[in-house]
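If you read the sequence shown in this note's numbering, its first letter stands for residue 2, the second for the next number, and so on. We put the CB at the ideal spot given by N, CA and C, even for glycine. Take a look at the structure below.
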Amino acid sequence: MLLGTALILLLLGSAGPASAHAALRGADPGEGSVVKSAPRHITLTFTESVALLDDSFRIYSPDNHRVPLDEPEHADGRSDTARIGLPDGLDDGTYTVAWRVVSADSHPASGAFTFSIGKPSPTAPMAPAAPAEHPITASLYDTGRYLAYIAAALLIGTVAFAALCRPPDTAPLRMPLVTGWWTLLTSTAVLLVLRAPYENGTSPATAFDLSAFTGALTGRPGIALLTRLALLALTAAVLLRLARLRRAHGEPDGRTSPARLAVGTVLAVALALTWAAAEHASAGIQVPVAMTSSVLHLLAMACWLGGLTALLIVLFRADAPPPVATVTRFSRLAFLSVTVLVVTGVYQSWRGLGSWSALADSSYGRTLAVKLVMTAALLLAAGLSRRLTLGLVTAASSTETETETEKGKEEEKVVEGATAAVRERLPELVAFATSDKAPPTAPAPAASDDGTSDSPSPAPSPALSSGPTPSDPTPSDPTPSGPNEPPLDRYRRALRVSVLVEAVVAVVVLLVTTVLASTLPARAEAEAAATGTAPIAGLPAATVVTIPYALDVPGGKGSVQITLDPGRVGENGIQAVAFDPAGALDSIPELRLSFTLAEKDIGPIDAGLTDRGGYWATSDLNLPLPGTWTMKATIRVSEVDQVTESHPLRIEP
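Take a look at the structure:
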C-alpha cells in the first residue's frame with residue numbers, strides 16, 4: 002500500500018493539470034463571435050451533465066473590470082448546460098468569459114473564451130484566470146481515490162474469500178479485513194473534506210470554509226461519499242454481528258448461510274454503486290448499462306485482487322497450509338472474476354474510446370493501453386497460479402492414494418502376523434479343546450519385593466508390532482527439501498511465489514486505473530472537437546516551468562515546478578511546488594523568484610512569494626511589458642545552502 006502511494010505521488014504529483022471529463026460542446030455567444038447588441042444570457046453546453054459552483058462564471062469587460070453577475074443556473078432544465086444572466090447597459094468591445102463547472106463524474110472542468118459586442122476591442126482584456134487545479138489538493142485527492150480503490154478490494158475480497166472459499170483457519174484474515182475497512186473509511190472522509198477545494202481549484206487550507214464544505218455535500222460526488230460512509234458503518238455492524246453468531250453457534254464445514262451471503266452481496270453492490278454513481282459510468286451514453294458494467298467490474302476486481310491478497314496471507318501466516326479444496330475454490334472464483342472483468346472491460350473501453358485510432362491518438366487511449374499491458378501480465382501470473390493449483394490438486398490426490406496404500410499394507414501385515422500365530426498354536430488348542438482341562442496359560446511372572454515382575458517381558462512378534470522400529474524414520478523427521486522435496490510441498494511453495502507476484506502486479510494495475518479515471522475519455526474529446534469548440538481560446542493556458550537544481554549536500558537535489566497564470570502582460574499569479582529527485586512532493590525552507598527584462602532594462606522585479614503550507618505563491622506579480630524575461634529562482638535547502646538557477650520566460654501581450 003505504501004508502494005502504491007509513492008507511485009501515485011510520483012506519477013500525479015509532478016504532472017500537469019488532469020483532463021476534466023466534461024468537454025465544452027458549444028457556447029452562445031460563440032467563441033470569437035461579434036454580436037450587434039448585448040445578449041441577455043451566456044449559455045454553455047457540455048458533453049455531459051455538470052454541476053454549478055457559486056463562482057462558475059467570471060466575465061471581464063473591455064477595460065478589464067469584473068462584471069457583476071447573478072447566480073448561475075441550468076438552461077431550460079437541462080443538466081448538461083450552464084447559463085448566467087448579464088446586466089443591462091454593457092459597453093461595446095471584447096468580453097472575456099472564464100467558466101468552471103464540475104462534471105457528472107466528479108471532476109472539475111474549466112476554460113475561457115472571448116466574444117465582442119458591437120466590434121472587437123483594439124486590445125483584448127487580460128483577465129487573471131484561476132488555475133484548473135491546485136497541485137497539492139489534486140495530488141492528495143488522487144492519492145485518496147487510489148487508497149479507496151485498494152481498500153475496497155481488500156474489504157470486499159477478504160469477505161468473499163472467507164465466505165466462498167471457506168479456509169479452515171480464518172484468524173489471519175482479521176488483519177486485512179480491519180485494515181481494508183479503516184483505510185476505506187479514512188480515505189472516504191479525506192475525500193469528503195477535500196471535495197470543496199478540489200472542485201474550486203484551491204489549496205487544502207480552504208477545506209475549512211464551512212460554506213464551501215456544505216455546498217460540496219449537496220452535489221452528486223458529495224452525496225456518494227456520504228452514502229459510502231453510512232454503508233461502511235452498516236458493514237461494520239453486520240460483520241460484528243455475524244462474528245458473534247459464528248462464535249456462538251458455528252457453521253458446518255465453514256459454510257455461510259444463503260441469508261448471510263445475500264446480505265453481504267447487497268452491501269458489496271451498494272458500496273460499488275457509490276463509485277459508479279460519481280464517475281465515468283454516470284455520464285455519457287448508455288448510462289444504465291454503463292453503471293451495471295461498472296458495478297460488476299469493481300466487484301470482480303475486488304473478489305479477484307482482494308481474494309488474492311487473502312489467499313496470500315493464508316498461505317504465509319496460517320498455522321497450517323490451506324487445504325487443496327480452499328485453493329481450488331479460489332481458483333474457480335478467480336476464473337469467474339476474470340471472465341467478468343474481460344467482458345465489462347471491453348465494453349467500458351469501447352464506451353470510453355469511441356474508435357480504434359483513439360487508442361494511440363488520445364491520452365485516455367494511451368493510458369488504457371498501459372492498463373491492458375499490465376492486465377495481460379496479471380493474467381499470465383494468474384494462469385501460472387491456476388496451473389500450480391491444478392498441480393497441487395494432483396499432488397494431494399497422489400499423496401492421499403499413497404497414504405491409503407501404505408495403510409492397507411500395514412493392515413495386511415498385522416493380519417498375516419495374527420494368522421501365523423494362530424497356526425502355530427492350532428494343535429495345542431485342538432488338543433485341549435477335546436479334553437476336560439482348561440487351556441494352558443502363560444505362567445505368571447514372579448513378583449519382586451517392589452511389586453514389579455522379575456521376568457522380562459517377552460518381545461512382541463515382529464508381525465504383530467505396528468509401532469516404529471529403530472530403523473524407521475520418526476514422525477519428527479524434517480521434510481526433505483531440494484530434489485527430494487515432496488511434490489505437495491513443492492507446489493505449495495511455488496504457489497506462494499506466484500500469488501505474491503500476482504499481488505504486486507495487481508497494485509500497479511490499480512494505480513493505472515486511478516490515472517485512467519482522471520483522464521478525459523477519448524469519445525468525449527472527439528465529440529467536443531467535432532463541434533469546432535475545442536480547444537476554447539481566449540485566455541491562454543497557464544505557463545508551467547520546471548527548474549532543476551543540484552547541490553552537493555544531503556537533500557540538495559530536486560526541482561521546482563513554477564506555474565505563472567495567465568503568463569501575460571499585467572497582473573499574474575504564481576504557484577511553485579518543490580519535488581525531490583524521485584518526483585514526490587518535497588519541502589524547502591525558502592524560495593525567491595525575480596524577473597528581469599534586459600532588453601528594456603527593467604528589473605529585477607521580486608515576485609514576493611510566501612509559504613502557503615507546502616507550496617509558495619503570490620497573486621499580484623505585475624509584468625508591465627511583453628518580451629523574453631529572465632526568471633531567476635533562488636532555492637534554499639538548509640540554513641546555509643542555497644542555489645540560484647535562471648530560466649528564460651516569454652510573456653505575451
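(message) Please state whether the Cβ-Cβ distance between Arg229 and Ala105 is less than 8 Å.
(response) Cβ atoms of Arg229 and Ala105: not closer than 8 Å.
(request) Reducing DSSP to helix, strand and coil, say where Tyr96 ends up. (result) strand
(request) Classify Thr453 as buried or exposed, calling it buried when 16 or more other Cβ atoms lie within 10 Å of its own Cβ. (result) Legend: pLDDT at Thr453 = 45, less than 50; position of this residue unreliable, value from coordinates given subsequently. Around the beta carbon of Thr453, fewer than 16 other beta carbons sit within 10 angstroms, so the residue counts as exposed.
(message) Going by C-alpha to C-alpha distance, which of Asn573, Ala577, Glu572 sits closest to Ile548?
(response) Ala577
(message) Only counting the same chain, and skipping five residues up and downstream in sequence, which positions put a Cβ closer than 6 Å to that of Ile563?
(response) Val546, Ala577
(message) Rounded to whole angstroms, what is the Cα-Cα separation between Gly539 and Pro654?
(response) Its pLDDT being 40, under 50, Gly539 is placed unreliably in this model, and the value from its coordinates should be taken loosely. Distance between the alpha carbons of Gly539 and Pro654: 13 Å.
(message) By DSSP's criteria, Ala577 is part of a beta bridge. Which residues make up the other side?
(response) Looking at the DSSP assignment, Ala577 forms a beta bridge with Ile563, Trp617.
(request) Compare the Cα-Cα distances from Pro582 to each of Ile603, Leu552, Gly574, Lys601 and report the closest residue. (result) Leu552
(message) Buried or exposed, going by whether 16 or more other CB atoms sit within 10 Å of the CB of Phe47?
(response) buried
(message) Out of Val179, Arg167, Leu53, which one is the CA nearest neighbour of Ala238?
(response) Val179
(request) Less than 8 Å between the CB atoms is what I'm expecting for Ala206 and Ala197, so what's the real figure, rounded? (result) Between Ala197 and Ala206 the Cβ distance is about 11 Å, and since that is not below 8 Å, they are no contact.
(request) Quick one: measure Cβ to Cβ for Ala161 and Gly346, integer angstroms, because I've assumed they're closer than 8 Å. (result) The Cβ separation is near 19 Å, so there is no contact.
(message) Could you tell me the alpha carbon to alpha carbon distance between Asp621 and Leu610, rounded to whole angstroms?
(response) 10 Å
(message) Taking the alpha carbon of Val35 as the reference point, which residue from Ile43, Ala28, Thr82, Ile118 has its own alpha carbon closest?
(response) Ile118
(request) Return helix, strand or coil for Leu610, following the three-state DSSP convention. (result) coil
(message) Output needed for Pro52: all residues of its chain with C-beta closer than 6 Å, excluding positions within five of it in sequence on either side, in chain order.
(response) Here residue 52 is Ala; the residue named in the question, Pro, does not match the sequence. Result list for Ala52: Val103, Gly220, in chain order.
(request) Using 10 angstroms around the beta-carbon of Asp566, count the other beta-carbons present and answer buried if the total reaches 16, otherwise exposed. (result) buried
(request) Tell me where the beta strand (DSSP E) around Thr48 begins and ends. (result) Segment: none, Thr48 is in no beta strand (DSSP E) and carries neither H nor E.
(request) May I ask you to report which of helix, strand or coil DSSP gives Lys37? (result) coil
(message) Pop quiz: Tyr199 and Thr144 are said to be a contact at Cβ under 8 Å. What is the actual Cβ separation, rounded to whole angstroms?
(response) That pair is no contact at about 12 Å.
(message) Here's the rule: buried if 16 or more other CB atoms are within 10 angstroms of the residue's CB, otherwise exposed. What is Ser363?
(response) buried
(message) Going by the DSSP bridge assignment, what does Arg101 pair with across the sheet?
(response) Arg101 is bridged to Ser111.
(request) Can you give me the Cβ contacts of Leu655 inside the same chain, cut-off strictly under 8 Å, excluding the 5 residues immediately before and after it? (result) Any property of residue 655 remains undetermined from this structure, which presents the chain solely from 2 to 654.
(message) Rounded to the nearest angstrom, what separates Tyr150 and Ser258 at their Cα positions?
(response) 28 Å
(message) Spatial neighbours of Leu226 within its chain, please: C-beta separation below 6 Å, excluding the five flanking residues on both sides.
(response) Thr189, Leu192, Leu193
(request) Would you decide whether Glu1 is buried or exposed? Buried here means 16 or more other CB atoms lie within 10 Å of its CB. (result) In the structure as shown, the chain starts at 2 and stops at 654, and residue 1 therefore has no counterpart that could be examined.
(request) Count the C-beta pairs between the region 334–353 and the region 284–300 that are closer than 8 Å, then say yes if the count reaches three, no if not. (result) The region 334–353 is in contact with the region 284–300.
(message) What does DSSP give as the partner residue(s) for Phe596 in the beta ladder?
(response) Ile606, Met632
(request) Mark Glu640 as exposed unless 16 or more other C-beta atoms lie within 10 angstroms of its C-beta, in which case mark it buried. (result) exposed
(request) Rounded to whole angstroms, what's the CA-CA distance from Leu650 to Thr544? Just pull it up for me. (result) 9 Å
(request) Consult DSSP for Gln349 and reduce its assignment to one of helix, strand or coil. (result) Gln349: helix per DSSP, three-state reduction.
(request) Identify whether Asp77 lies in helix, strand or coil by the three-state DSSP scheme. (result) helix
(request) Can you say whether Asp587 is buried or exposed, counting buried as having 16 or more other CB atoms within 10 angstroms of its CB? (result) buried
(message) Give me the DSSP bridge partner(s) of Arg229.
(response) None, per the DSSP bridge assignment.
(request) Just mark Asp55 as buried or exposed, buried being the case when its beta carbon has 16 or more other beta carbons within 10 Å. (result) exposed
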